[in-house]
Amino acid sequence: MISIMNVSKSYGPKVAVQGLSLDVPAGELFAFLGPNGAGKTTTIKMICGLLFPTSGTVSVGGFDLATQGDRARALVSYVPDQPFLYEKLTGREFLQFTADLYGMSAERSREKIAEAIELFHLDEFADDLTERYSHGMRQRTVFAAALVHEPKLLIADEPTVGLDPKSIRELKTLLRELAENGMTVFLSTHTLDIAEELADRIGIIDRGQLLGCGTLEDLRRQAAMDGSLEDLFLKITEESPATAVAGV
Amino acid sequence: MHTVAHQPAVFRRLRLRLVRNALRTSLETGRLRFFTMILTSLLVAGFTFATGWYLFHQLAANKIPFKGAIVASLFDLLFFTLGSMLVFSTGIILYASLFTAPEARYLLTSPARADHIFATKFQGAVAFSSWAFVVLGVPIFLSYGLTAGVPWFFYALLPAYLLGYVLLPGSVSALAALLLVRLMPRNRRQFVTILILGLVTLGAVWLVRLGYSARHTLATGGRELDELIGQFDLIRSGFAPNHWMTRGLMAAARGDLLEALIPLALVWSNGLVVYLVAAFAAKRLYRTAFDRHAGGGRGKKIYRTSVLDRIMSGLVFYLDRPTRLLVVKDFRTFRRDPTQWALLILFGTLMLLGATNFRQYYKNDLAIMDKYALSLMNLGGTSVLLCAGLSRFIYPLISLEGKKFWILGLMPVSRRQILRGKFAFAATGSLLIAETLILASDVLIGLPPAGIVLHAAAVAVIAIGLSAINVGLGAYLPNFRETDPSKIVVGFGGTVNMVIGLSYLVAVVGLMVVPFHVSQLAEGMKNQADAPFNPWVFAGVPVGLALGAAAVILPLRAGTRNLEAIEF
Chain A
1 MISIMNVSKS YGPKVAVQGL SLDVPAGELF AFLGPNGAGK TTTIKMICGL
51 LFPTSGTVSV GGFDLATQGD RARALVSYVP DQPFLYEKLT GREFLQFTAD
101 LYGMSAERSR EKIAEAIELF HLDEFADDLT ERYSHGMRQR TVFAAALVHE
151 PKLLIADEPT VGLDPKSIRE LKTLLRELAE NGMTVFLSTH TLDIAEELAD
201 RIGIIDRGQL LGCGTLEDLR RQAAMDGSLE DLFLKITEES PATAVAGV
Chain B
1001 MHTVAHQPAV FRRLRLRLVR NALRTSLETG RLRFFTMILT SLLVAGFTFA
1051 TGWYLFHQLA ANKIPFKGAI VASLFDLLFF TLGSMLVFST GIILYASLFT
1101 APEARYLLTS PARADHIFAT KFQGAVAFSS WAFVVLGVPI FLSYGLTAGV
1151 PWFFYALLPA YLLGYVLLPG SVSALAALLL VRLMPRNRRQ FVTILILGLV
1201 TLGAVWLVRL GYSARHTLAT GGRELDELIG QFDLIRSGFA PNHWMTRGLM
1251 AAARGDLLEA LIPLALVWSN GLVVYLVAAF AAKRLYRTAF DRHAGGGRGK
1301 KIYRTSVLDR IMSGLVFYLD RPTRLLVVKD FRTFRRDPTQ WALLILFGTL
1351 MLLGATNFRQ YYKNDLAIMD KYALSLMNLG GTSVLLCAGL SRFIYPLISL
1401 EGKKFWILGL MPVSRRQILR GKFAFAATGS LLIAETLILA SDVLIGLPPA
1451 GIVLHAAAVA VIAIGLSAIN VGLGAYLPNF RETDPSKIVV GFGGTVNMVI
1501 GLSYLVAVVG LMVVPFHVSQ LAEGMKNQAD APFNPWVFAG VPVGLALGAA
1551 AVILPLRAGT RNLEAIEF
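Chains as they are written, first to last, in the numbering used here: chain A, 1 to 248; chain B, 1001 to 1568.
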């Protein structure tokens, strides 16, 4: 579903991502880990088509983001760490706008909006303006909007921030179910236990370079140690070469 | 995969819903606020109408020669000025909407087409930036129409003209914003600074030449009217859109419908063509421009304290240390923001021109009447620009603290001190700039010492009072949701603040300065010599000072009370 081939991305003289290659097949839940400033969000923004690689190619569902961006983006939903909602729309109106933007028929959108409202327990506030929502309510609404058009790829950046424990539990179950039903889920998080619990594969990035990628067992072999994901993450990132990012 | 959405219709529905919901919320929760905004807009429009009506009526009643040419030149200048302002304001709003707004990031990750995103943001930006054009423009033309006795179709064509004229500068600025971001060299700060300085210099040269001709015309009793009008050659050429507007409206006023329709067609067709070019450019360039904007980082810059910070701290030596630190913090934030600097350069240049553009020509040979009339004009112009500058830079200060206000809330300073610090920051800066300009121009014009002292006192009252009004109302009517200062300024609170500020400065100038000038002008007309001062002309000074004290105390008190009551 996602194919990243030898991608680099520079912000002026600063290299944010360097020589990244990664394939994520359909139906996989992939967790993308890394310290602050490692290049996770830049990579995600390139997969969404918000940014373009300085070199290399990114494609989604076989569509190159640089040349067939509209077709690729139609397959993707992105839940950023600071989600956007129109303050003067109700939650229901926002879901309707999203469905309309993705070209869903009136009947199908009605059906999917009702499902999303039920799934994320939005019914109590779906008809209030989103300017009155708490962070958790906003996050749930954004997730509902992300799923209402049935994307093939869901990208979520720190999805559990601001959610209460019950909502986190429900979200984890949902993400797993989505992946089992064929949706690709690309998750960026600092919460290592979520990655450990949910992910089929885990990628660790630091200073713009992919340091490790695979199942938990693969990472253990790479790090030549047993232990939790936290131990592996710390060992792999501490051992990464300091010269990984050129030009900084 | 779903069917292809009809995106223009989707965005149209979105805009309608947003407007409907915003209107409904305003009427449900902020009815007073909503009607006050309508009322202040009507007041501004009414004042503009009354001034326009009076001036056009005087022009007709006094049988001034070449009045048609004068009105046409005024219209040319008006459209040129408003068009230039629309280019800047639409460009700034559109730049923020397309490249820095969270909504742009959201839409760009969706399958929405780049040109459709551009179109919806363009319509929003033009609507936002052109309301002032409508509030100011419509009353002027209505007043002209009523005094000149124009046919009915002048009024019928007026909305079509004004709407069409909004399209062209908006499209030009949209195209410029896209091309600038997409093609700008990597060191964009330098590039933008050079570009703005270049534009300001060009404008300054033109205004100085205009000032020279105006002076020459006044000094010679109107014989060099042609020379003055000649300064408008550039904006009166057949290629200038502002001149199409003037030509069309003047033809409509004369009753020549066919002659009126041709310029209207020119305005609309050119506006639409440039809009299409801008939309095409957006389709091809917007996404890559966004990428370039997001990826246009610079090398690591180390920010240090500057000697300017120490000067600012020294200027507010009378404040306690925590408040002084807050003042320096505000100043540092201000000086590190290049967009603020760009606008400040623009305001500063205009103020400089307003205060000094006549000085070199009047040094030795200034007639008595001209001396008093022009120094009053200088004072008025500088005060209006000071009012606009403070509204733009100081009024949004509290609102911009926004979600970060809790940081200030946790500091060991009271909210009263925070406001006092912002007031000291505003008053110090505005007092320094305005006094320097007015004193320099008055001395060079050769105003007598009593007049100079009076001007210095009036400017001090205006600068300090306006600073308090802007800081106080900024705290009384804050807008913590908005992060774009230009949108805060044109919102409800900003509009109320602007109207109160303008009324205040008109009152202070009227009470403290105008009697002196009117008396000296009247004496000058009779005797052709500088007459001794009638002490009664200073009778308004204590009232002006009392008004100034009220302008400081009342808004700051109201702002402090409101700020202390706000929970974060």
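For every residue, glycine included, the Cβ atom is placed at its ideal position computed from N, Cα and C.
All figures in this text were calculated on a predicted structure; none of them were measured in a lab.
query	result
Q139 of chain A at chain B interface by Cβ criterion, 9 Å	no
Distance CB(S1041 of chain B)-CB(V1126 of chain B) smaller than 9 Å	no
Below-9 Å beta-carbon distance, V185 of chain A vs any chain B residue	no
Distance between I1464 of chain B and L1032 of chain B (C-alpha atoms, nearest Å)	29 Å
Cβ of A1112 of chain B within 9 Å of any chain E Cβ	Any reference to chain E falls outside this structure, whose protein chains are A and B.
Supposed close pair G56 of chain A, N6 of chain A - CB separation, criterion 8 Å	4 Å
Against chain B: residues of the region 27 to 46 of chain A by CB proximity under 7 Å	none
Integer-rounded CB distance, given that S1399 of chain B should sit under 8 Å from G1482 of chain B	Here residue 1482 of chain B is Glu; the residue named in the question, Gly, does not match the sequence. Correct: roughly 7 Å between the Cβ atoms.
Residue from A:D100, A:Y11 and A:P25 whose Cα sits closest to the Cα of G39 of chain A	A:Y11
Alpha-carbon spacing of L1272 of chain B relative to F1290 of chain B, whole angstroms	24 Å
Where the alpha helix (DSSP H) through N1021 of chain B begins and ends	Q1007 to T1029
R1105 of chain B at chain A interface by Cβ criterion, 9 Å	yes
Proximal residues of chain A, C-beta to C-beta of G1164 of chain B below 7 Å	Correct list: empty, because the minimum Cβ distance to chain A is about 29 Å.
Residue from A:G203, A:G136, A:D64 and A:P35 whose Cα sits closest to the Cα of F84 of chain A	A:G136
Amino acids of chain A, ordered along the chain, whose beta-carbon sits closer than 8 Å to that of R1284 of chain B	Result: empty, since nearest Cβ-Cβ is about 12 Å, beyond 8 Å.
Cutoff 9 Å: E131 of chain A Cβ touching any chain B Cβ	yes
Spatially closest choice to T67 of chain A from B:V1543, B:R1284 and B:S1486, by CA coordinates	B:R1284
Given 8 Å, three or more beta-carbon pairs between the region 23 to 37 of chain A and the region 168 to 186 of chain A	yes
Neighbour flag for F143 of chain A against chain B, beta carbons, 9 Å	no
Chain B contact residues for E177 of chain A, given Cβ-Cβ distances below 9 Å	Result: empty, since nearest Cβ-Cβ is about 22 Å, beyond 9 Å.
Nearest neighbour of L89 of chain A, chosen from B:G1451, B:L1419, B:Y1372 and B:R1013 [CA to CA]	B:R1013
Assigned exposure category for E93 of chain A - 16 Cβ within 10 Å defines buried	buried
Short-range partners of chain A found in the region 1020 to 1035 of chain B, where Cβ spacing is below 8 Å	N1021, A1022 and T1025
Cβ neighbour criterion (16 or more within 10 Å) applied to L1027 of chain B	exposed
Any chain B beta carbon closer than 9 Å to E230 of chain A	no
Nearest candidate by alpha-carbon position, reference G1536 of chain B, set B:A1558, B:L1108 and B:M1512	It should be noted that the sequence gives Trp, not Gly, for residue 1536 of chain B. Of the candidates B:A1558, B:L1108 and B:M1512, the one whose C-alpha sits nearest the C-alpha of W1536 of chain B is B:M1512.
Beta-bridge pairing of Q209 of chain A - partner residues as DSSP gives them	A:D206
Ranges of the beta strand (DSSP E) found wholly within the region 112 to 171 of chain A, counting only runs of at least 3	153 to 157
Beta-carbon gap between S1130 of chain B and L1077 of chain B smaller than 9 Å	no
Chain-order list of residues whose beta-carbon lies under 6 Å from that of T54 of chain A (same chain, five-residue window excluded)	S8, K9 and S10
Contact belief for L95 of chain A with A16 of chain A at Cβ below 8 Å, rounded distance in angstroms	Actually they do not touch by this definition, with Cβ atoms about 33 Å apart.
Status (buried if at least 16 other CB within 10 Å, exposed otherwise) for W1244 of chain B	buried
Assigned secondary structure, Y1095 of chain B (DSSP; H/G/I helix, E/B strand, else coil)	helix
Interface partners of T1109 of chain B on chain A, CB under 9 Å	K45, C48, G49, L50, R73, V76, S77, Y78, P80 and I155
Cβ neighbour criterion (16 or more within 10 Å) applied to M1411 of chain B	exposed
Chain A contacts made by the region 1266 to 1296 of chain B, where a contact means CB separation under 8 Å	R1287, T1288, F1290, D1291, A1294, G1295 and G1296
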